[in-house]
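The block underneath contains the structure these notes are about, expressed in structure tokens.
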Amino acid sequence: MTTSADRARPPETLSPPCAYDRADWDSAFCNVETELTAVAVTAQRGTLPPELQGTLYRNGPGRLERGGRWVHHPFDGDGMVTALRFEAGTARLTNRFVRTQGWLEEEAAGRMLYRGVFGTQKPGGPLANLFDLRLKNIANTHVVRLGDQLLALWEASSPHALDPDTLETKGLTLLDGVLSPGEAFSAHPRFDPGHHGEERMVTFGVKSGPRSTIRLMEFATTGPQAGQLLSQRSDSFNGFAFLHDFAITPNWAVFLQNAVAFNPLPFVLGQKGAAQCLASKPGGQAQFWLIPRDSGAYAGQPPRIVPAPQGFVFHHLNAWELDKAGPDGFGGQVEGPALVVESIYYADFPSIGPDTDFRTIDFNLIPEGLLERCTIDLSSNTVRTERLSERCCEFAMVNPRREGLNCRYAWMAVAERETGNDPLQAFKKLDLISGERRVWSAAPRGFVSEPVMVPRPEGSAEDDGWVLGQVWNGARGATDLVILDAASMEELALLELPLAIPYGLHGSFVAS
Ligand code: CO
3 MTTSADRARP PETLSPPCAY DRADWDSAFC NVETELTAVA VTAQRGTLPP
53 ELQGTLYRNG PGRLERGGRW VHHPFDGDGM VTALRFEAGT ARLTNRFVRT
103 QGWLEEEAAG RMLYRGVFGT QKPGGPLANL FDLRLKNIAN THVVRLGDQL
153 LALWEASSPH ALDPDTLETK GLTLLDGVLS PGEAFSAHPR FDPGHHGEER
203 MVTFGVKSGP RSTIRLMEFA TTGPQAGQLL SQRSDSFNGF AFLHDFAITP
253 NWAVFLQNAV AFNPLPFVLG QKGAAQCLAS KPGGQAQFWL IPRDSGAYAG
303 QPPRIVPAPQ GFVFHHLNAW ELDKAGPDGF GGQVEGPALV VESIYYADFP
353 SIGPDTDFRT IDFNLIPEGL LERCTIDLSS NTVRTERLSE RCCEFAMVNP
403 RREGLNCRYA WMAVAERETG NDPLQAFKKL DLISGERRVW SAAPRGFVSE
453 PVMVPRPEGS AEDDGWVLGQ VWNGARGATD LVILDAASME ELALLELPLA
503 IPYGLHGSFV AS
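Using this note's numbering, the letters of the sequence shown map in sequence onto residues 3 to 514.
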């Protein structure tokens, strides 16, 4: 494993093509076999920074096979949450499956009883799946703290409430009556660090159809009001909406409506999962849907719709505002107020068809994610786009204290190669102004998940803090946790966790 400031090196000397062993990558597709309770974990390399105090929560699919049958796509795996608690230079690990109704039923039956959104079918072929439109809420996408509850999120239905210490599942929650039963609640809340005073959680639910409605909600996260709904609004837009993520600024909630079409027939007929019925809409036009936040300068105004560039986006890095006409700071000019949105673009919607085994996918045949910046000129309704990096990336974030503001630095998971599509094997810090980058790599035998940037409590510099990243260690057949210095990307500590966890989705850090 190496740390490098790789900017000066020509790409061809950085790594040979495909610097990984397919069997190492594949070995992460497993079931989590144990549930641990506050097990002490020590650093195999380096030492834990004593100032790092709090809990890293992570969520992701923990069960990929049942009764000899595999999920069609890892995203259909049951949610398993880990909590790694750092205190005075020590770490303790707890993990639990979320006791969803579907998980409990399938545990008891010893076989799959539900279809999955990403194409997992019940045994018995299309006939056994015909007209079975039940959704199994698998609670596997994200885990966040809201008030005194820990929420395991899955965007198509209600959150599950967990005990923040023991991870015991308390059950589905409607957040004190804010949500209706079964109402969609995004797995991508954004945490406003105090754009309008107190910190908040801003999130949404989307009801999709020929006309789609977005419900935007803002919750208090601190003080006696923590967990309470502060404001909400609902806005409807033409067309089927597929919205996994969004971004916030002090004045706007930013949605990117990809140009996708949804044909539910193969889902209804038991041939495909619902998400496999999404496809790029030939000649379709992506749109930014900009919804004014209730505390911002445009509160109460209708949303704005702006044509967006081609491509498909799951995740945004960040968004921020330029408040007046002039240079945009990266070589262009804006005519008036502008919104800058940084997102990971794919050339097309990446889907795994019904006949493909996810463990055999050819990375060369699917598009890679590339970080791009869109500057939306709000006076002319035009967008200028630029590529920020040519390196395949996913799971990007800024310093959470600067969410929604102009940031210089971003941290993300990247492929080992400079170009082309490969599994994610390294963590990268990118200077969004100079283009300078620093990389910590787990290649050739390690594969990374989402990095979480944690600011140092007393720090003020934007890159003062740590990056916590989960790494699948192919040599050990288990999961490591690496702690990097967020500024230099040098390794401070590496913990070999006593768990084998499949590639995860999202997580968050709660300081203590
Ligand atoms: Co996501």
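All C-beta atoms in this analysis are idealised placements derived from N, C-alpha and C, irrespective of residue type, glycine included.
Source: prediction; values computed, not measured.
In the DSSP output, which residue or residues are listed as bridge partners for residue i?
| i | result |
| --- | --- |
| S236 | R217 |
| Y348 | F314 |
| C395 | V416 |
| A428 | V416 and S443 |
| A480 | N475 |
| L153 | V146 and A163 |
| S510 | Y59 |
So, with DSSP's three-state summary, where would you put residue i?
| i | result |
| --- | --- |
| W468 | strand |
| A502 | coil |
| Q278 | helix |
| T36 | coil |
| G225 | coil |
| E370 | coil |
| D23 | coil |
| M3 | In this prediction, M3 scores a pLDDT of 41, lower than 50, which makes its location untrustworthy; the coordinate-derived value is nonetheless stated afterwards. Residue state, collapsed to three classes: coil. |
| P402 | helix |
| V524 | No information on residue 524 is available, as it lies outside the stretch 3 to 514 that the chain covers here. |
| S382 | coil |
| V270 | helix |
| T408 | The question names Thr, but residue 408 in the sequence shown is Asn. N408: coil per DSSP, three-state reduction. |
| T96 | strand |
| A495 | strand |
| P305 | coil |
Relative to the alpha-carbon of residue i, which residue among the options has its alpha-carbon at the smallest distance?
| i | options | result |
| --- | --- | --- |
| L507 | E460, D330 and D247 | D247 |
| L86 | D78, R478, A110 and L58 | L58 |
| G93 | E460, E370, V484 and E492 | In the sequence under discussion, the amino acid at residue 93 is Ala, which differs from the Gly named in the question. Considering only alpha carbons, the answer is V484. |
| S391 | A415, L135 and E405 | A415 |
| A25 | E464, I363 and E452 | I363 |
| D357 | E170, Q273 and T39 | Q273 |
| R288 | L499, F351, G48 and G338 | It should be noted that the sequence gives Ala, not Arg, for residue 288. A288 has its Cα closest to that of F351, out of L499, F351, G48 and G338. |
| Q55 | G479, D465, E460 and T421 | E460 |
| A480 | Y22, A21, W27 and D23 | W27 |
| P329 | A321, P339 and N320 | P339 |
| Q505 | G313, P195 and F360 | First, the amino acid is wrong: residue 505 is Tyr here, not Gln. Nearest option by C-alpha distance: F360. |
| R404 | T377, V41, G179 and L319 | L319 |
| S514 | P52, S238, Q46 and R47 | P52 |
| L169 | L280, S490, S382 and A40 | A40 |
If you measure between the beta carbons of residue i and residue j, is that distance less than 8 Å?
| i | j | result |
| --- | --- | --- |
| L245 | V208 | yes |
| A428 | S443 | yes |
| V73 | G275 | no |
| V262 | K283 | yes |
| A502 | V34 | yes |
| V83 | V43 | no |
| A412 | L434 | yes |
| E370 | S345 | no |
| A186 | T175 | no |
| R192 | L232 | no |
| P402 | P457 | yes |
| P305 | W291 | yes |
| R113 | R65 | no |
| V469 | L486 | yes |
Can you determine whether any heavy atom of ligand 2 sits closer than 7 Å to the C-beta of residue i, and answer yes or no?
| i | result |
| --- | --- |
| H190 | Only ligand 1 can be found as ligands here, which leaves ligand 2 out of the picture. |
Every unbroken beta strand (DSSP E) inside the region 156 to 203 [3 residues or more]: Listed in chain order, they are 162 to 164, 171 to 174 and 192 to 194.
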